[in-house]
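What follows is one structure encoded as structure tokens, with my remarks underneath.
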Amino acid sequence: MDSQTAKKYNYWQWRTLIVLMIGYALYYFVRKHFSVVMPAMEETLGISKVQLGLFLTLNGIIYGFSRFVNGFLADRFSRRKLMTLGLILSALTNFAICFSPSMNSFVNVLDTEGKATMTLVYIIGSLWVLNGYFQGMGVPPCMSLMAHWIRPDELATKQSIWNASHSIGAGLISVICGFILNHYGYSAWQLCFAVPAAIALVGAFALYFSLRDTPSSVGLPEIEEMDGDAESKKEEEPGIDLTGKAFKTFVNKLVFRNPIIWILAVSNFCIYVVRFTILDWGATFLTQFKGMEIATAGTVVAASELVGGIAGMLLAGWFTDKFMKSRAHRTCLLCTIGATISFFLFWKTPSGANWLAVVFLCLSSFFVYGPQALLGIAASNQATKHACATANGILGIFGYASTTVSGLVFGFLADHYGWDSVFLVSVIIGIAGSIVIASMWNAPADGYEKASKIMDEVREEYKSGK
Numbered sequence: 004m005d006s007q008t009a010k011k012y013n014y015w016q017w018r019t020l021i022v023l024m025i026g027y028a029l030y031y032f033v034r035k036h037f038s039v040v041m042p043a044m045e046e047t048l049g050i051s052k053v054q055l056g057l058f059l060t061l062n063g064i065i066y067g068f069s070r071f072v073n074g075f076l077a078d079r080f081s082r083r084k085l086m087t088l089g090l091i092l093s094a095l096t097n098f099a100i101c102f103s104p105s106m107n108s109f110v111n112v113l114d115t116e117g118k119a120t121m122t123l124v125y126i127i128g129s130l131w132v133l134n135g136y137f138q139g140m141g142v143p144p145c146m147s148l149m150a151h152w153i154r155p156d157e158l159a160t161k162q163s164i165w166n167a168s169h170s171i172g173a174g175l176i177s178v179i180c181g182f183i184l185n186h187y188g189y190s191a192w193q194l195c196f197a198v199p200a201a202i203a204l205v206g207a208f209a210l211y212f213s214l215r216d217t218p219s220s221v222g223l224p225e226i227e228e229m230d231g232d233a234e235s236k237k238e239e240e241p242g243i244d245l246t247g248k249a250f251k252t253f254v255n256k257l258v259f260r261n262p263i264i265w266i267l268a269v270s271n272f273c274i275y276v277v278r279f280t281i282l283d284w285g286a287t288f289l290t291q292f293k294g295m296e297i298a299t300a301g302t303v304v305a306a307s308e309l310v311g312g313i314a315g316m317l318l319a320g321w322f323t324d325k326f327m328k329s330r331a332h333r334t335c336l337l338c339t340i341g342a343t344i345s346f347f348l349f350w351k352t353p354s355g356a357n358w359l360a361v362v363f364l365c366l367s368s369f370f371v372y373g374p375q376a377l378l379g380i381a382a383s384n385q386a387t388k389h390a391c392a393t394a395n396g397i398l399g400i401f402g403y404a405s406t407t408v409s410g411l412v413f414g415f416l417a418d419h420y421g422w423d424s425v426f427l428v429s430v431i432i433g434i435a436g437s438i439v440i441a442s443m444w445n446a447p448a449d450g451y452e453k454a455s456k457i458m459d460e461v462r463e464e465y466k467s468g469k
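Shown next as structure tokens:
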């Protein structure tokens with residue numbers, strides 16, 4: 004590879020990574036503000052924790068389903084268009100939620116006291132569930148694009164940098180919405196939907212004009228050609244249609260019948276329960292369980308995301324490539340244990356020592372975001388660049404199926420048994436996740452060798468006319 008090509012490749016790789024970070028942070032702007040707004044919606048509209056928990060659960064289930072469906076699409080069609088479309092539709096849905104109380108002149112969505120009727124509850128809930136599908140159009144294009152632009156032995160480090168977009172987006176929107184509610188009061192909850200939506204809509208158009216799908220689309224050779232990897236080149240031999248029957252066979256063997264992918268998926272379920280307990284309920288339990296003001300609680304959640312989360316995922320990615328020989332699942336085990344212990348200590352911190360509780364909550368995010376980033380990276384490497392979005396779609400289903408616990412179940416537990424019961428279940432699930440991920444300690448770093456053998460089989464089937 005000549006120096007000019009290397010320079011151009013380096014530019015486009017980092018440009019793609021940075022644009023994906025900004026783009027996915029904007030996805031969080033029109034998604035993770037909901038956890039900060041929940042106390043305001045509960046007080047202003049009278050929507051119960053159980054109903055809010057149901058919104059979170061259904062949103063998460065649909066989101067996971069959407070990630071699975073769009074994983075197939077991202078492996079086969081334009082990732083740039085898919086990601087842009089999802090962000091636009093998500094922004095429009097947030098605008099619809101913002102203006103939903105204005106329907107009162109046509110339909111009774113507010114009672115005489117200004118509280119939400121069941122009609123408004125259904126409308127907001129349905130829109131939030133719909134938003135879950137549109138949000139699922141964000142991660143698959145990112146996973147596929149990074150697998151096409153970044154080598155497997157660098158993926159843990161560089162994809163962890165991208166993964167900081169989760170914490171950047173969630174942290175910034177927590178601060179913005181916390182400021183709006185603190186400055187204008189809970190009655191200004193609609194602004195917490197309108198402002199992020201406007202920002203996301205503008206960002207979506209910038210996203211479309213900044214991204215490119217593959218290195219070849221800008222006149223660069225593909226990753227394997229630049230590395231001179233003969234085995235990888237072998238996958239690209241002409242005559243094999245990876246968008247047809249051969250693709251289905253390849254995905255079936257490398258993803259759906261691969262036990263490693265399913266272990267990663269179950270581990271993802273467990274770590275996401277702990278993650279969403281902090282992210283979705285953080286502002287609520289900090290105000291109700293720890294007695295903080297809403298602005299302070301929003302700042303703490305933001306700090307746990309921006310400081311704890313970003314530091315955790317960046318260190319975990321670097322540690323994986325540097326010391327674990329890119330075996331991301333090993334770092335995941337260490338982080339899952341750390342997250343479980345930290346959250347337990349947060350729970351047991353005395354009520355008069357909120358500063359210590361903040362430290363442990365930030366440590367929980369620090370450890371949670373290691374596996375949150377690396378489980379997807381491990382799936383990408385195991386499924387290779389050809390099927391990484393599909394594999395991550397499976398992890399998405401399991402990860403967001405966790406909202407059946409973190410959303411509906413935890414809403415019910417908090418309402419009927421208090422926050423102690425929520426923290427107890429979270430810790431138990433964290434322990435279970437540690438045990439599951441430990442079962443694949445000796446697994447290889449990636450599946451490219453296995454993929455090469457599968458491709459040989461597919462090639463033979465193709466040649467024999469099967």
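Numbering (the working numbering), first residue to last: 4 to 469.
Ideal Cβ positions, reconstructed from N, Cα and C, are used throughout, including at glycine.
Nearest-angstrom Cβ-Cβ length linking residue i and residue j, presumed shorter than 8 Å
{"i": "LEU20", "j": "TRP165", "result": "6 Å"}
{"i": "MET3", "j": "ALA167", "result": "Examination of residue 3 is not possible in this model, given that the chain is present from 4 through 469 alone."}
{"i": "ILE274", "j": "THR323", "result": "Incorrect: roughly 15 Å between the Cβ atoms, too far for contact."}
{"i": "ALA191", "j": "ILE91", "result": "That belief does not hold up - the Cβ atoms of ALA191 and ILE91 are roughly 25 Å apart, past 8 Å."}
{"i": "ILE431", "j": "GLY67", "result": "Not confirmed; about 22 Å, so no contact."}
{"i": "GLN138", "j": "SER93", "result": "6 Å"}
{"i": "GLU308", "j": "SER429", "result": "Their Cβ separation, rounded to whole angstroms, is 17 Å, which puts GLU308 and SER429 out of contact at 8 Å."}
{"i": "VAL258", "j": "ALA390", "result": "5 Å"}
{"i": "ALA173", "j": "LEU130", "result": "About 20 Å separates the two Cβ atoms, so there is no contact after all."}
Of the listed residues the options, nearest to residue i (C-alpha basis)
{"i": "ARG330", "options": "LEU366, TRP444, GLU225, ILE344", "result": "TRP444"}
{"i": "PHE369", "options": "GLY222, HIS36, LEU282, PRO199", "result": "LEU282"}
{"i": "ILE297", "options": "ARG83, TYR187, ILE126, ALA448", "result": "TYR187"}
{"i": "GLY128", "options": "LEU59, ALA441, SER6, ALA376", "result": "LEU59"}
{"i": "ALA314", "options": "TRP15, SER163, VAL439, VAL198", "result": "SER163"}
{"i": "GLN54", "options": "ALA417, THR8, ALA319, PRO199", "result": "ALA417"}
{"i": "MET295", "options": "ILE344, ILE431, ARG215, ALA360", "result": "ALA360"}
{"i": "TRP284", "options": "THR352, GLY421, ALA200", "result": "GLY421"}
{"i": "VAL22", "options": "ILE380, LEU377, THR352, PHE212", "result": "PHE212"}
{"i": "GLN193", "options": "ALA43, LYS11, GLY396, PHE349", "result": "ALA43"}
{"i": "ALA356", "options": "ILE65, ILE380, LYS293", "result": "LYS293"}
{"i": "ALA319", "options": "ALA376, PRO224, ILE264", "result": "ALA376"}
{"i": "ALA159", "options": "SER367, SER81, ALA382, PHE137", "result": "ALA382"}
{"i": "MET106", "options": "HIS332, LEU95, THR122", "result": "THR122"}
{"i": "LEU336", "options": "ILE344, LYS325, SER437, TRP358", "result": "SER437"}
Outcome for residue i when other beta-carbon atoms lying within 10 angstroms are tallied against a minimum of 16
{"i": "ALA286", "result": "buried"}
{"i": "TYR289", "result": "A small correction: the amino acid at residue 289 is Leu; Tyr does not occupy that position in the sequence shown. By the 10 Å Cβ count, LEU289 comes out buried."}
{"i": "ASP114", "result": "exposed"}
{"i": "PRO143", "result": "buried"}
{"i": "SER108", "result": "exposed"}
{"i": "ASP423", "result": "exposed"}
{"i": "ASP459", "result": "exposed"}
{"i": "ARG260", "result": "exposed"}
{"i": "ILE457", "result": "buried"}
{"i": "TYR451", "result": "buried"}
{"i": "TYR125", "result": "exposed"}
Rounded straight-line distance, which links the Cα of residue j to that of residue i
{"i": "TYR27", "j": "SER455", "result": "32 Å"}
{"i": "LYS256", "j": "ARG154", "result": "22 Å"}
{"i": "GLN291", "j": "ASN185", "result": "16 Å"}
{"i": "LYS118", "j": "VAL304", "result": "28 Å"}
{"i": "ASP5", "j": "PRO262", "result": "40 Å"}
{"i": "ALA233", "j": "GLY74", "result": "The pLDDT assigned to ALA233 is 40, lower than 50, so where the model puts this residue is not dependable, and the model offers no usable value."}
{"i": "ASN271", "j": "GLU116", "result": "43 Å"}
{"i": "LYS388", "j": "PRO353", "result": "48 Å"}
{"i": "ARG79", "j": "PHE347", "result": "43 Å"}
{"i": "VAL310", "j": "PRO374", "result": "16 Å"}
{"i": "GLU463", "j": "LYS453", "result": "16 Å"}
{"i": "ARG82", "j": "VAL132", "result": "23 Å"}
{"i": "MET86", "j": "ALA392", "result": "13 Å"}
{"i": "ALA9", "j": "ALA448", "result": "26 Å"}
{"i": "LEU210", "j": "ASN395", "result": "22 Å"}
{"i": "TRP15", "j": "ASN384", "result": "21 Å"}
{"i": "ARG18", "j": "LEU223", "result": "14 Å"}
{"i": "PHE349", "j": "LEU364", "result": "6 Å"}
{"i": "SER345", "j": "PHE413", "result": "19 Å"}
{"i": "THR47", "j": "TYR189", "result": "7 Å"}
Proximal residues to residue i (C-beta, below 6 Å), its chain only, five neighbours per side dropped
{"i": "VAL461", "result": "ALA249, THR252, PHE253"}
{"i": "GLU239", "result": "Any answer about GLU239 is weak, because its pLDDT of 44 lies below 50 and its placement is not dependable; what the coordinates show is given next. Answer for GLU239: no residue qualifies."}
{"i": "CYS195", "result": "HIS36, VAL40, CYS180, ILE183"}
{"i": "GLY301", "result": "VAL39, SER177, GLY181, ALA286"}
{"i": "ASP156", "result": "SER329"}
Cut-off 8 Å between Cβ atoms - residues of its own chain near residue i, not counting five sequence neighbours on either side
{"i": "VAL2", "result": "Residue coverage of the chain in this structure runs from 4 to 469, which leaves residue 2 outside it and unanswerable."}
{"i": "GLY63", "result": "GLY135, PHE279, TYR403, ALA404, SER405, THR406, THR407, SER409, GLY410"}
{"i": "ASN97", "result": "VAL33, ASN134, PHE196, ALA197, PRO199, ALA200, ALA203"}
{"i": "GLU225", "result": "HIS151, THR217, PRO218, SER219, GLU239"}
Within-7 Å CB hit, residue i to chain D
{"i": "CYS180", "result": "No chain D appears in this structure, which consists of one protein chain only."}
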